[in-house]
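Novice:
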Amino acid sequence: MAFKSNLKSELIASYINQTMIQESELQQQLREETAKLPNSNMQVSPDQGAFLSLLIKMTHARRAIEVGTFTGYSALCLATALPHDGQLICCDVSDEWTSIGKPYWKQADVDSKIDLRIAPAIETLDQLIEQGQAGQFDFAFIDADKPPYPDYYERCYTLLKHGGVIVLDNILMHIKDDAEDYDMDHFMHEFNMNVREDDRVDAMIVGVGGGMLLAWKK
Numbered sequence: 012m013a014f015k016s017n018l019k020s021e022l023i024a025s026y027i028n029q030t031m032i033q034e035s036e037l038q039q040q041l042r043e044e045t046a047k048l049p050n051s052n053m054q055v056s057p058d059q060g061a062f063l064s065l066l067i068k069m070t071h072a073r074r075a076i077e078v079g080t081f082t083g084y085s086a087l088c089l090a091t092a093l094p095h096d097g098q099l100i101c102c103d104v105s106d107e108w109t110s111i112g113k114p115y116w117k118q119a120d121v122d123s124k125i126d127l128r129i130a131p132a133i134e135t136l137d138q139l140i141e142q143g144q145a146g147q148f149d150f151a152f153i154d155a156d157k158p159p160y161p162d163y164y165e166r167c168y169t170l171l172k173h174g175g176v177i178v179l180d181n182i183l184m185h186i187k188d189d190a191e192d193y194d195m196d197h198f199m200h201e202f203n204m205n206v207r208e209d210d211r212v213d214a215m216i217v218g219v220g221g222g223m224l225l226a227w228k229k
C-alpha cells in the first residue's frame with residue numbers, strides 16, 4: 012500500500028508557524044540568541060516547543076525529565092507549561108550551553124521549577140532510580156546523542172508513572188529528503204521498530220520538526 016502525505020510542504024510548514032505558534036517574547040529571544048551559534052541545529056524548532064508545551068498541559072504533567080537541554084529553549088517551553096509546583100529535571104553535560112538559558116529561565120520566573128544536573132544523563136537517571144524515584148514522573152523528553160537512545164528510553168520508562176509519556180526527538184534522522192527509500196540498517200530505524208514491538212507502551216511517530224516519537228506507558 013502506498014502512503015502519501017503533503018505535510019512536508021514548505022507552504023504548509025509556514026502556515027502552521029504563522030497561525031499556530033505563539034512564542035513568548037523570552038522564548039523568541041532565546042531561540043534567536045541560540046540561532047547565532049554554530050551548532051544551533053541542536054535546538055528544537057518553535058513548532059516542537061509549542062507541541063511539547065501542549066503535551067505537558069494535555070497530560071497534566073507535574074514532574075518531568077529532559078535528557079539534553081542545550082541552551083534551554085525546550086526547557087523554557089516545558090517549564091512554562093508545568094504548574095506552579097511542577098518540577099523539570101534537566102540532564103546535560105555542558106555548563107557553557109546551559110548557562111545561555113539560565114537568565115531566560117529566571118526572567119520567565121520558571122527557574123525554581125528547573126533542576127539542572129550537569130553530568131552524563133545515564134548517571135543522573137540511574138541516580139534517580141536508585142533514590143526510589145521509579146514511577147514518580149509524568150513526562151520525559153529525550154533530545155540528546157542518538158546512539159544511547161535505547162538506554163535513555165529504558166531508564167525514562169522506569170521513572171515514568173503508568174500513563175506517563177516519553178517523547179524522543181530526531182527520530183526520522185535516517186530518512187533523507189532526496190532519497191528514494193529509508194535506510195533500514197540505520198540504528199534509528201532499529202530503535203523505532205523496537206519501540207513499535209514494545210508491548211509495554213502505545214507509540215506513534217509525528218512529523219513535527221525532525222520527527223518525534225511519542226510513547227505512552229500502559
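For what it's worth, the numbering used here labels the leading residue of the sequence shown as 12, then goes sequentially. Virtual Cβ for every residue (Gly too), placed ideally from N, Cα, C.
With a 10 Å radius around its C-beta and 16 neighbouring C-beta atoms as the bar for buried, classify ARG211 as buried or exposed.
Specialist: Position 200 of the sequence shown holds residue 211. Result: exposed.
Novice: Counting Cβ pairs closer than 8 Å, one from the stretch 208 to 228 and one from the stretch 59 to 75, do we hit at least three?
Specialist: Flag = yes, the stretch 208 to 228 and the stretch 59 to 75 touch.
Novice: Give me, in chain order, the residues of the same chain whose beta-carbon lies closer than 6 Å to that of SER51; leave out the 5 immediate sequence neighbours on both sides.
Specialist: As a position in the sequence shown, residue 51 is number 40, starting the count at 1. The answer, listed in chain order, is THR45.
Novice: Between which residues of its own chain and GLN118 is the CB-CB distance below 8 Å, once the five residues before and five after are set aside?
Specialist: Here residue 118 refers to the residue found at position 107 of the sequence shown. Answer for GLN118: LEU37, listed in chain order.
Novice: Going by DSSP, what residues sit across from GLU77 in a beta bridge?
Specialist: Along the sequence shown, read from residue 1 onward, the residue named residue 77 stands at position 66. GLU77 pairs with CYS101 and PHE152.
Novice: For the stretch 163 to 221, which segments carrying the alpha helix (DSSP H) assignment without a break, of at least 4 residues, lie completely within its bounds, in sequence order?
Specialist: Complete alpha helix (DSSP H) runs here, min 4: 198 to 207.
Novice: In terms of alpha-carbon separation, which member of MET31, ALA75 and SER25 lies closest to ALA61?
Specialist: As a working note, residue 61 is residue 50 in the sequence shown. Minimum Cα distance to ALA61 is reached at MET31.
Novice: Within the continuous beta strand (DSSP E) that includes LEU225, where are the two ends?
Specialist: Position 214 of the sequence shown, counted from the first residue, corresponds to residue 225. Per DSSP, LEU225 belongs to the beta strand (DSSP E) from 223 to 228.
Novice: Going along the chain, which unbroken runs of the alpha helix (DSSP H) with 4 or more residues stay wholly within the stretch 38 to 99?
Specialist: Counting whole runs of 4 or more residues, the stretch 38 to 99 contains the alpha helix (DSSP H) stretches 57 to 69 and 84 to 92.
Novice: ALA151 and LEU127: beta carbons closer than 8 Å?
Specialist: By 1-based counting over the sequence shown, the position of residue 151 is 140. By 1-based counting over the sequence shown, the position of residue 127 is 116. Against a cut-off of 8 Å, the Cβ pair of LEU127 and ALA151 comes out as no contact.
Novice: Give the DSSP-derived three-state secondary structure of ILE125 in the structure shown.
Specialist: Numbered from its first residue, the sequence shown carries residue 125 at position 114. Strand.
Novice: Measuring alpha carbon to alpha carbon, tell me which of LEU89, ASP58, PHE148 and VAL55 ends up nearest ASP122.
Specialist: In the sequence shown, the residue the question calls residue 122 occupies position 111. With distances taken between Cα atoms, ASP122 lies closest to LEU89.
Novice: Quick one: give me the first and last residue of the alpha helix (DSSP H) that GLN144 is part of.
Specialist: Counted from its first residue, the sequence shown places residue 144 at position 133. Note, GLN144: premise wrong, no alpha helix (DSSP H); not H, not E.
Novice: Skipping 5 residues on each side, what residues in its chain have a beta carbon closer than 8 Å to that of ALA75?
Specialist: Along the sequence shown, one-based indexing puts residue 75 at 64. The residues are ILE67, LEU89, LEU93, GLY97, GLN98, LEU99, ILE100, PHE148, ASP149, PHE150, ALA151 and PHE152.
Novice: Can you find the residues in the same chain that come closer than 6 Å, C-beta to C-beta, to GLY180, ignoring five residues on each side of it along the sequence?
Specialist: As a first step, residue 180 must be located in the sequence shown, where it is residue number 169. Reading off the sequence shown, one finds Asp at residue 180, where the question assumed Gly. Here the set comprises ASP154 and MET223.
Novice: By Cβ distance below 6 Å, which residues in the same chain neighbour PRO114 in space, the five residues on each side in sequence not counted?
Specialist: Residue numbering aside, residue 114 sits at position 103 when the sequence shown is read from its first letter. No residues qualify anywhere along the chain.
Novice: Once you ignore the five residues that flank GLN39 on each side, which residues in its own chain have a CB closer than 7 Å to its CB?
Specialist: Numbered from its first residue, the sequence shown carries residue 39 at position 28. Same-chain partners within the cutoff: there are none.
Novice: Taking the C-alpha atoms as reference points, what is the distance between ASP156 and ALA132?
Specialist: Counting from 1 along the sequence shown, the entry for residue 156 is found at position 145. Counting from 1 along the sequence shown, the entry for residue 132 is found at position 121. Computed Cα separation, rounded: 10 Å.
Novice: Between the alpha carbons of LYS15 and TYR26, how many angstroms are there, rounded?
Specialist: By 1-based counting over the sequence shown, the position of residue 15 is 4. By 1-based counting over the sequence shown, the position of residue 26 is 15. Model confidence at LYS15 stands at a pLDDT of 49, short of 50, so the residue's coordinates are unreliable; what they give is reported in the following sentence. When rounded, the distance between both Cα atoms is 20 Å.
Novice: May I ask you to report which of helix, strand or coil DSSP gives LYS117?
Specialist: As a first step, residue 117 is located in the sequence shown; it is residue number 106 there, counting from the start. Three-state result, LYS117: helix.
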